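With the UniProt record's numbering applied, the sequence shown corresponds to residues 1 to 485, in that order.
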Amino acid sequence: MKVYGAAVLLSVAPSWALPAHQLDPRVNDPPGPPGASGNLRGSEALIGYDPSNNVPKEPSTVVPPEDFTLAPGQSEDADLGLFIDLLDVKNPQPIQGGTYKPTDPGPRTEAYDRLNSDVFIPPSTDSGEVPQSMWPFALSHNRHGLAGAGWARSQNVDQLPSATGMAGVNMRLEPHAYRELHWHKEAEWALMLNGTARIAAVNEQGQTMQDDLAAGDVWFFPAGIPHSIQALDAGCEFLLVFNDGTFSEENTFLLSELLERNPKEVVAKNFRTDVSTFNKIPDGQLWIFPGTAAPADIQQQNVTGPAGSIPKASTYSYHFSEQEPYRVPGGTIKILDPATFPIASTFSVALVSLEPGAMREMHWHTTSDEWTYFLAGRARLTVYQAPASSRTFDFTAGSVGYVPMPNAHYLENVGNETLTFLEVLQAKEYSDISVNQWLGLTPKQIVKDHLNVDDAFLNTLPNVKPFIVPGNPDLSTTNFTGDAL
Ligand SMILES: *[C@@H]1O[C@H](CO)[C@@H](O)[C@H](O)[C@H]1NC(C)=O
Ligand SMILES: *[C@@H]1O[C@H](CO)[C@@H](O)[C@H](O)[C@H]1NC(C)=O
Ligand SMILES: *[C@@H]1O[C@H](CO)[C@@H](O)[C@H](O)[C@H]1NC(C)=O
Ligand SMILES: *[C@@H]1O[C@H](CO)[C@@H](O)[C@H](O)[C@H]1NC(C)=O
Numbered sequence: 001m002k003v004y005g006a007a008v009l010l011s012v013a014p015s016w017a018l019p020a021h022q023l024d025p026r027v028n029d030p031p032g033p034p035g036a037s038g039n040l041r042g043s044e045a046l047i048g049y050d051p052s053n054n055v056p057k058e059p060s061t062v063v064p065p066e067d068f069t070l071a072p073g074q075s076e077d078a079d080l081g082l083f084i085d086l087l088d089v090k091n092p093q094p095i096q097g098g099t100y101k102p103t104d105p106g107p108r109t110e111a112y113d114r115l116n117s118d119v120f121i122p123p124s125t126d127s128g129e130v131p132q133s134m135w136p137f138a139l140s141h142n143r144h145g146l147a148g149a150g151w152a153r154s155q156n157v158d159q160l161p162s163a164t165g166m167a168g169v170n171m172r173l174e175p176h177a178y179r180e181l182h183w184h185k186e187a188e189w190a191l192m193l194n195g196t197a198r199i200a201a202v203n204e205q206g207q208t209m210q211d212d213l214a215a216g217d218v219w220f221f222p223a224g225i226p227h228s229i230q231a232l233d234a235g236c237e238f239l240l241v242f243n244d245g246t247f248s249e250e251n252t253f254l255l256s257e258l259l260e261r262n263p264k265e266v267v268a269k270n271f272r273t274d275v276s277t278f279n280k281i282p283d284g285q286l287w288i289f290p291g292t293a294a295p296a297d298i299q300q301q302n303v304t305g306p307a308g309s310i311p312k313a314s315t316y317s318y319h320f321s322e323q324e325p326y327r328v329p330g331g332t333i334k335i336l337d338p339a340t341f342p343i344a345s346t347f348s349v350a351l352v353s354l355e356p357g358a359m360r361e362m363h364w365h366t367t368s369d370e371w372t373y374f375l376a377g378r379a380r381l382t383v384y385q386a387p388a389s390s391r392t393f394d395f396t397a398g399s400v401g402y403v404p405m406p407n408a409h410y411l412e413n414v415g416n417e418t419l420t421f422l423e424v425l426q427a428k429e430y431s432d433i434s435v436n437q438w439l440g441l442t443p444k445q446i447v448k449d450h451l452n453v454d455d456a457f458l459n460t461l462p463n464v465k466p467f468i469v470p471g472n473p474d475l476s477t478t479n480f481t482g483d484a485l
């Protein structure tokens, strides 16, 4: 095709020619609003190297030492991987070891860097690729219910693609609000985080249950079992864990939709009533909506048919808040698995609290991925994945962790308050392999030949699981047996 210059086109302007402005990218602009000036595109003369173009001298991008402070431990050997607390330092920099580099001149979101120092300044032992293992519910879309009745936000494979085995939801119900009567394809395990709620369900045999739960208590609804949740006078917040990483809170089966998505004639016939009975059913989903206060006496809502109540051994609630924890130096553990809560036949959990500086020992699970939720405090966790990868992630209250089976990991309290977290497994029993116990129960000669360690160390290896190891709350030192212990 013959190319015409703009001048030629303007003077000749045959009807088949392109309009002149389409040949000059600088003027190929739509008409602008009043007050607009300049062009959307620059000149094609700017493309590539131009010997006549004087690149202006920029000021240095190196952040000078007087513009920032280093956190305690930040100058130590990067192989030590000391936790670097950036929360309170001035202008945190990704510096490691005894240097003043590298710096970060920006652009940046400093708040993320402060909260995730092990991502911003990874220990030099981190290596290779490990899938993203941390997600804060604070970054999940928060769906609000009707009339300020509550909200819910979710984590599933859309946020953490490796979290295929489990998904989580964090839900809030204002006083007396309901999570609508519903059911779903997945099993639902729940931990009350705050406040009080009344749950109710009916099973396949027509047996029923109702119970009032407080913070720290647990419920479990098997797949397909219809249930309701209503906040009592205090309102409530809870955590839901589902046995499928693709679970979506948007995809539950709702009573409102059930009646709305069937012919009105069928709904009326089903209940042997007149079509007008359902004239006032809600238009659209209720999902989370305001309700009338539940009677304080749960007996008034105790509905049973000829099949009676669901037998205690297979009912759907567990008063986990009243279980005394197992105490070890550095923290406590409470286990809940089918041994004591049989209906939740695949959910095995540990609720762990760690004092500052203490650590859930290095371990892994043999039968399940681990889905973790952080209730309080600050933690870090390194995932070691075969053959040669590891990555460290930081957590605060309200975030989720995920460690695929059988990747090794620990959880260290890196804050100044008690760390509390929930480990959830899809397993018939809560179990792990403790690295301490593994080596403690391996013939000393074998361990010595592998690690070239001295006999004094071999003699300290335990033959029982410590679960938790205490530590110095001052994480900027390798003197693990500091004053506080
Ligand atoms: C429960 O809610 C109250 C009221 O907002 C709040 O003060 C308290 O910290 C919450 N508890 C937990 C464990 O977050
Ligand atoms: C409901 O009534 C049944 C039958 O009397 C009883 O076994 C059950 O404990 C009651 N449940 C509640 C929550 O009151
Ligand atoms: C705990 O740590 C936070 C974050 O570094 C800090 O702001 C706070 O002052 C500390 N509290 C105490 C009691 O040391
Ligand atoms: C570790 O700290 C404790 C308490 O401050 C002190 O008594 C001990 O000497 C320290 N150990 C080392 C090896 O520095």
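Just so you know, even glycine gets a beta-carbon here, dropped at the ideal spot from N, CA and C. Because the structure is a prediction, the values reported are computed rather than measured.
Counting along the chain, Ser228 sits inside the beta strand (DSSP E) bounded by residues 227-242.
Where Ser256 is concerned, the enclosing alpha helix (DSSP H) starts and stops at 255-260. For Asp394 and Asp85, the gap between their C-alpha atoms comes out near 11 Å. The Cβ atoms of Phe137 and Val414 lie no closer than 7 Å to each other. Positions of the beta strand (DSSP E) runs, each at least 3 residues long and wholly inside the region 111-177, are given as 134-136, 142-144, 150-155, 167-173 in order along the chain.
Annotation: the continuous alpha helix (DSSP H) that includes Val267 extends over 264-270. Of all alpha-carbon atoms in Glu249, Met405, Lys428, the one lying nearest the alpha-carbon of Arg143 is that of Glu249. In the DSSP annotation of this structure, Val202 is not part of any alpha helix (DSSP H); the continuous beta strand (DSSP E) holding it starts and ends at 188-202. Look at the beta carbons and you see the region 229-243 touching the region 179-191: at least three pairs across the two are nearer than 8 Å. In this structure, the beta-carbon distance from Val383 to Val130 falls below 7 Å. The C-beta of Glu370 has 16 or more other C-beta atoms within 10 Å across all chains shown, which makes the residue buried. When secondary structure is reduced to three states using DSSP, Ser348 falls in the strand class. Contact between Gly165 and Ser389 is ruled out by a C-beta separation of about 20 Å, above the 8 Å threshold. Within 6 Å of the C-beta of Leu173 there is not a single heavy atom belonging to ligand 3.
Relative to ligand 3, the nearest heavy atom lies less than 6 Å away from the CB of Asn416. Annotation for Asp88 indicates a beta carbon within 6 Å of some heavy atom of ligand 3. For Asn436, the enclosing alpha helix (DSSP H) starts and ends at 435-440. Not one heavy atom of ligand 1 is found less than 6 Å from the C-beta of Asn170. Contact between Gln437 and Pro473 fails: their C-beta atoms lie close to 26 Å from each other, not under 8 Å. In the structure shown, Ser276 falls within a helical segment according to DSSP collapsed to helix, strand and coil. When rounded, the separation of the alpha-carbon atoms in His176 and Gln159 is 31 Å.
Using a Cβ distance threshold of 7 Å, Ser256 and Gln285 count as a contacting pair. Between the beta-carbon of Glu180 and that of Phe278 there is about 16 Å, and that puts the pair past the 8 Å contact cut. About 17 Å separates the beta carbons of Tyr178 and Ile225, which is beyond the 8 Å limit, so they are not a contact pair. Within its own chain, the residues whose Cβ lies closer than 6 Å to the Cβ of Trp135, once the five positions on either side in sequence are excluded, are Gln155, Gln159, Leu160, Val400, listed in chain order. In the displayed model, Thr396 falls within a strand according to three-state DSSP.
Per DSSP, Asn459 lies in no beta strand (DSSP E) segment; the continuous alpha helix (DSSP H) that holds it begins and ends at 455-460.
Minimum Cα-Cα distance from Pro306 among the listed residues Ile298, Gln207, Glu260, Gly377 corresponds to Gln207. Ranked by Cα distance from Ile199, the first of Cys236, Ala147, Ala167 is Cys236.
Residue Glu355 holds the alpha-carbon nearest to the alpha-carbon of Val469 among Phe347, Pro342, Glu355, His227. Under DSSP, Asp297 shares a beta bridge with no residue.
Excluding its 5 nearest sequence neighbours in each direction, Lys264 has C-beta neighbours in its own chain below 6 Å: Val275, listed in chain order. Within the same chain, Cβ atoms closer than 6 Å to the Cβ of His409 are found at Leu381, Val383, Val403, the five residues on either side in sequence being excluded. When C-alpha distances from Trp364 are compared across Trp287, Met209, Val435, the shortest belongs to Val435.
A straight line joining the alpha-carbon of Val464 with that of Ser348 spans about 21 Å.
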